[in-house]
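J.: Those sequence lines, one after another, are chains S and G. The numbering of the first sequence is numbering that gives the first Met the number 0, which starts it at 0 and goes up by one. The numbering of the second sequence is numbering that gives the first Met the number 0, which starts it at 0 and goes up by one. Glycine included, C-beta positions come from ideal geometry on N, C-alpha and C. If you're wondering where the values come from, they're calculated on a predicted model, not measured in any experiment. The following block contains the structure, expressed as C-alpha cells.
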Amino acid sequence: MNYSVNKKGFYGEFGGAWIPEMLHSNIEQLACNYIDIMESEDFKQELDSMLKEYVGRPTPLSYAARLSEHTGARVFLKREDLCHTGSHKLNNVAGQILLAKRMDKRHIIAETGAGQHGVATATVCALMGLPCTIFMGRKDIARQQPNVMRMKMLGARVIPVSSGTCTLKDATNEAIRHWINNPSDTHYLIGSTIGPHPYPDIVARLQSVISLEIKEQLVQKEERDFPDHVIACVGGGSNAAGSFYHFLDDRRVKLTGAEAAGEGTGTGRTAASLLTGSPGIIHGCRTMLMQDDHGQIKGAHSISAGLDYPGIGPLHAHLHKSGRATYTAVTDSEALQAAMLLTRLEGIIPALESAHAVAALKKIKLLPHEIAVVTLSGRGDKDMDAYMEAIDGAGVEETKKIDQ
Amino acid sequence: MKHMNALTNLLEKKRQNLLSVYFTAGYPHKDSTTEIISSLQDAGVDFLEAGFPFSDPLADGPVIQQTSQQAITNGMTLDCLLLQIEKARAGITIPIVLMGYLNPVMQTGMENFCRKANKAGISGVIIPDLPPDQYEARYLDLFKSYDLHMIFLVTPETSEQRIRNIDRLGSGFIYAVSSSSTTGRQDSFSDRQKQYLRRLQKMNLRNPVITGFGIHSRNTLRTAWENSSGAIIGSAYLKALMREGSGQKAITQLFGQLGLAGPV
Ligand SMILES: Cc1ncc(COP(=O)(O)O)c(C=O)c1O
C-alpha cells in the first residue's frame, strides 16, 4: 500500500484539485514548483535554522510518569505545545512562508478556526515584514478572543466571516474567494492538510518534522526508533499527519487519530467526518465529509474550534479506508475530562484539540510494556474560558477523583 | 438538421449578441422556477442558466451566496429543480443549461444526473469545480451519450494550450470569465479584459465564446457583445429579483439598466 500522494494529487481515491478555473494558474504554479523548492538545499537550510532558532525545535518527547501509571502503558508526550505561539501550526507556517518568498508572493492570507493558525501566520508575517490577512468565522472570534487579540497586536488584519455556519469551513471559503479575487501577488497559507492538491502534501511534509523527531528521540531514550502507538487529534489532520508521517510504512506502529465527536456521533452535533461522513468534495478536495442526502455540507459541532470542520484531510480518508490508521471519536465532555486529567497528573494544560488525543488513550487497547506517543498539538491558554465554565458548571469528575 | 438539443439549435442560428441570464433555482421561493423561466423566455432572453444551490459556493460573490443559502432553506435540491423543469416542459422553448457545484451532482450520481437532465430537456451543464482532465477521464462519454453539452470556463490567466484543450473537450460554448474574480464584482471592463476577449476571438475556436461575470450595465454588455458572441448576466439579475420579488418585474428592470428597450 502506498500512502504518499500520486502525481495527480490523489491518495487512493481521495484528494485531487477540484477547483474552479479561476484558481487553476495559482494552484498549478504551486503544484509545479513545491517539490523542487522544498527539496532544495537552501530551502532546507533556511527552514532548519528557522525551526531551531525561532520555533524552538526540537520539542521535547517527555515521559509522562503519572499519566503512564494511570493509563497502564508507557506514555510519552510529544510537546508541540512548547513551540513558539503555542502549537504545531508554526511548523507549517514557517515552511510555507519560505515557499511564498521563493514564489515572489508578497501578501499572505490564511483561514483560522481556533486562531492558532492565524496567530502562527501573523507571527511569521511580523517576523518577515509581510502584510497578512486572516479570515475567521464570527462564532470562532467570539470563543477564541485571546487569539484574536494576539493576531491584532501582531499587525494582522482579521476579517470576520459571517457566511454559512460562521466557523472554519466558512473562513476557508472566504480565504479562497479572496485568493480568486487577488491572484497575482498573494499566497494562500492554508493551515491544515486540507484543500486542493498540492496543499495536503505541502502541509504534511512540513509537519513531518514531528515524527522525525519522535524517531530520533526514542532512539536516545529507549534505544528503538519506533513506538507501539502514535495518537493525535484530527481536525483537518495536520498534526496527526506530521505525527504519523515517518511511521506510515512501519506496520509495527499502530496509528490512532482522535476525531471530535462533539456531543456524540449519533447526535448530529458532531465533527467526526470520517466516522459519520461520506465521500464528497469540500474546498477543492475529494474526501470524507459530513453532508445531507442532497450534497449540502453540514455544519460541524465541537467544543474545540480547531476540530470544528466537516471535512478531513484526504490522507486520513485514505488511511481510514485502507485500514492503516484507526480513528476514534472523542466527545466534548471526554475531552474536558482528559484536559483536567493531564493538568492534574502532569502539570500541563493542553489545548482542547489536544485533549481529544489524550482522551483517546482510554479508547485503545494498550499493554503495560507498550510505548504510546501522544502528540500534544497545543497549549490550553486560549481555552481557559471553556475550562472554567466546565469546572464551575457541572464539575469535572476527573478533578474530583484526583482531588479526593 | 434539427437537433434535440435546444442550445445546439440556437447556436447554429445565432452567434452574436447572445443574451443569457443566470438565476438561482429556489429563490426567492421554492416554486419560483416556472415564473422565472417563462418571464425570461417572454422577454426574449436567448438561453438560461438554472443554478442549483450549494452550501459552499467557492467561486461566488455575496449575491449568489445569499440566494443559494435562501434556496437551500426553501428546500430546493437538484432533483427538485429537474422535476420542476420536466413538469413545465410543454411551455418551455428556451434552451436551459444547469449550473452548480460538483458535490450535489456526485451525491445524485453522475449517470443518474445525466439521465434526469436529458429527460427534463436540459441542453448543457456548467460545473465550475469539475476540472477538464477529470471530466475527460470519468464523464465525457456519459455526457455525449445523453446529448448534454459540458461547458467549461476560461479566465484571462488560462494558457493558450489549456484553452485549446478546453475547446476540444467542451461543447456548446466556452464561458469566458471576464476577469479572475468571484461572481458579481461590478466594475467597468478594462482594456486588458477587452484584449483578452479579442485574443479568444482570434483563436478560431470550435465553440463560440460567451462572456460572463460582472456584466451589469449598458457598457459592460456592449463590451461583451462587441468582443465575444454573447453575455451572461447573473448577480445583476438576482439583485433586481431581490428588489422586485417577481421574475417579470426583475427582467424589465434589468433590461432598463442594460439599455435594452424590450425583447432583444
Ligand atoms: C492546538 C491545535 N491542535 C490541533 C488542531 C487541529 O488541526 P490539525 O488537525 O490540522 O492538526 C488545531 C487547529 O486549530 C489546533 O489549534
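CB of Gln115(S) to nearest heavy atom of ligand 1: below 7 Å?
T.: Because some heavy atom of ligand 1 lies under 7 Å away, the Cβ of Gln115(S) counts as near it: yes.
J.: Less than 8 Å between the C-beta atoms of Glu221(S) and Thr330(S), yes or no?
T.: no
J.: For Ile311(S) and Ala30(S), I'd like the C-alpha separation in whole angstroms.
T.: Whole-angstrom Cα-Cα distance: 20 Å.
J.: Should Asn1(S) go down as buried or exposed, given a rule of 16 or more other Cβ atoms within 10 Å for buried?
T.: exposed
J.: Apply the 10 Å Cβ neighbour rule to Asn146(S) and answer buried if 16 or more other Cβ atoms are within range, or exposed otherwise.
T.: buried
J.: Check whether the Cβ of His186(S) lies closer than 8 Å to any Cβ atom in chain G.
T.: no
J.: I'd like the list of long-range same chain contacts for Asp78(G), defined as Cβ closer than 6 Å, with 5 residues on each side in sequence excluded.
T.: none
J.: Hey, could you find the ends of the beta strand (DSSP E) Ala175(G) is sitting in?
T.: Per DSSP, the unbroken beta strand (DSSP E) holding Ala175(G) starts and ends at 173-176.
J.: Is Lys6(S) close to chain G, meaning its C-beta is less than 8 Å from at least one C-beta of that chain?
T.: no
J.: Would you report the Cα separation of Val263(G) and Leu220(G), rounded to the nearest angstrom?
T.: Unreliable positioning characterises Val263(G) in this predicted model, as indicated by a pLDDT of 48, which lies under 50. A coordinate reading is not provided.
J.: Would a check of beta-carbon distances place Ala16(S) closer than 8 Å to chain G?
T.: Yes, contact with chain G.
J.: Rounded C-beta distance between Ala359(S) and Ala257(S)? I'm assuming under 8 Å.
T.: 4 Å
J.: Find the residues of chain S that neighbour Thr181(G), judging by a C-beta separation of less than 8 Å, and give them in chain order.
T.: Thr181(G) reaches chain S at Met21, Arg176, Ile179, Asn180, counting residues in chain order whose Cβ is nearer than 8 Å.
J.: If I measure Cβ to Cβ from Ala385(S) and keep anything under 7 Å in the same chain, skipping five residues before and after, which residues do I get?
T.: Only Ile302, Leu351 meet the Cβ criterion.
J.: Less than 6 Å between C-beta atoms, sequence neighbours within five positions excluded: which residues of the same chain meet that for Gln95(S)?
T.: Leu188
J.: If you draw a straight line from the alpha carbon of Asp380(S) to that of Cys82(S), how long is it in whole angstroms?
T.: 14 Å
J.: Grab the span of the beta strand (DSSP E) containing Gly261(S) for me, first residue to last.
T.: 253-261
J.: Less than 8 Å between CB atoms is the rule here; does Asn172(S) satisfy it with respect to chain G?
T.: yes
J.: Output needed for Leu60(S): all residues of its chain with C-beta closer than 8 Å, excluding positions within five of it in sequence on either side, in chain order.
T.: Correct list, in chain order: Phe75, Leu76, Lys77, Arg78, Glu212, Ile213, Gln216, Leu217, Lys220, Val372.
J.: Using 8 Å as the Cβ pair cut-off and three pairs as the minimum, do the segment 58-77 of chain G and the segment 3-15 of chain G touch?
T.: By the C-beta criterion, the segment 58-77 of chain G is judged not to be in contact with the segment 3-15 of chain G, since fewer than 3 inter-stretch pairs fall below 8 Å.
J.: Any heavy atom of ligand 1 closer than 7 Å to the CB of Ser48(S)?
T.: It does not: the Cβ of Ser48(S) is nowhere closer than 7 Å to a heavy atom of ligand 1.
J.: Check each residue of the segment 284-296 of chain S: if its Cβ is closer than 8 Å to any Cβ of chain G, include it; give the result in chain order.
T.: Here the close residues are Gln290, Asp292, His293, Gly294, Gln295, Ile296.
J.: At a cut-off of 7 Å, would you count Asn441(S) as near ligand 1, judging by its Cβ distance to the nearest heavy atom?
T.: Past the boundaries of the shown model lies residue 441(S); chain S is included only from 0 to 403, so the question cannot be answered.
J.: Please determine, among Phe212(G), Ala136(G), Asn8(G), Thr181(G), the residue with the shortest C-alpha to C-alpha distance to Pro94(G).
T.: Checking every option, the nearest Cα to that of Pro94(G) belongs to Asn8(G).
J.: Whole angstroms is fine: what's the gap from Leu273(S)'s alpha carbon to Phe13(S)'s?
T.: 12 Å
J.: Starting from the C-beta of Glu48(G), find all residues in its chain whose C-beta is less than 8 Å away, skip the five residues before and the five after it, and write them out in chain order.
T.: Ser19, Val20, Tyr21, Phe22, Ile95, Val96, Leu97, Met98, Ile125, Ile231, Gly233
J.: If contact means a Cβ-Cβ distance below 7 Å, which residues of the segment 75-105 of chain G contact chain S?
T.: So the list reads Thr76, Leu77, Leu101, Asn102, Pro103, Met105, given in the order they occur along the chain.
J.: Run down chain S in chain order and give the residues with a C-beta less than 7 Å from the C-beta of Ser54(G).
T.: Gly163, Gln295, Ile296
J.: Would you decide whether Trp17(S) is buried or exposed? Buried here means 16 or more other CB atoms lie within 10 Å of its CB.
T.: buried
J.: Tell me where the beta strand (DSSP E) around Glu110(S) begins and ends.
T.: Start and end: 106-111.
J.: Mind checking if Ser24(S) is an interface residue toward chain G, Cβ cutoff 8 Å exclusive?
T.: yes
J.: Please check if any C-beta of chain G sits within less than 8 Å of the C-beta of Lys168(S).
T.: Yes, because at least one Cβ of chain G sits closer than 8 Å to the Cβ of Lys168(S).
J.: For Lys77(S), list the residues DSSP reports as bridge partners.
T.: Leu60(S), Thr374(S)
J.: Interface residues of chain S around Ala58(G) at Cβ under 7 Å?
T.: Pro19, Met21, Ile179
J.: Under 8 Å Cβ-Cβ, which residues of chain G neighbour Ile281(S)?
T.: Asp55, Asn102
J.: On the CB-based measure, 16 or more other CB atoms within 10 Å of its CB, does Ile108(S) come out buried or exposed?
T.: Here Ile108(S) is buried. Its C-beta has 16 or more other C-beta atoms within 10 Å.
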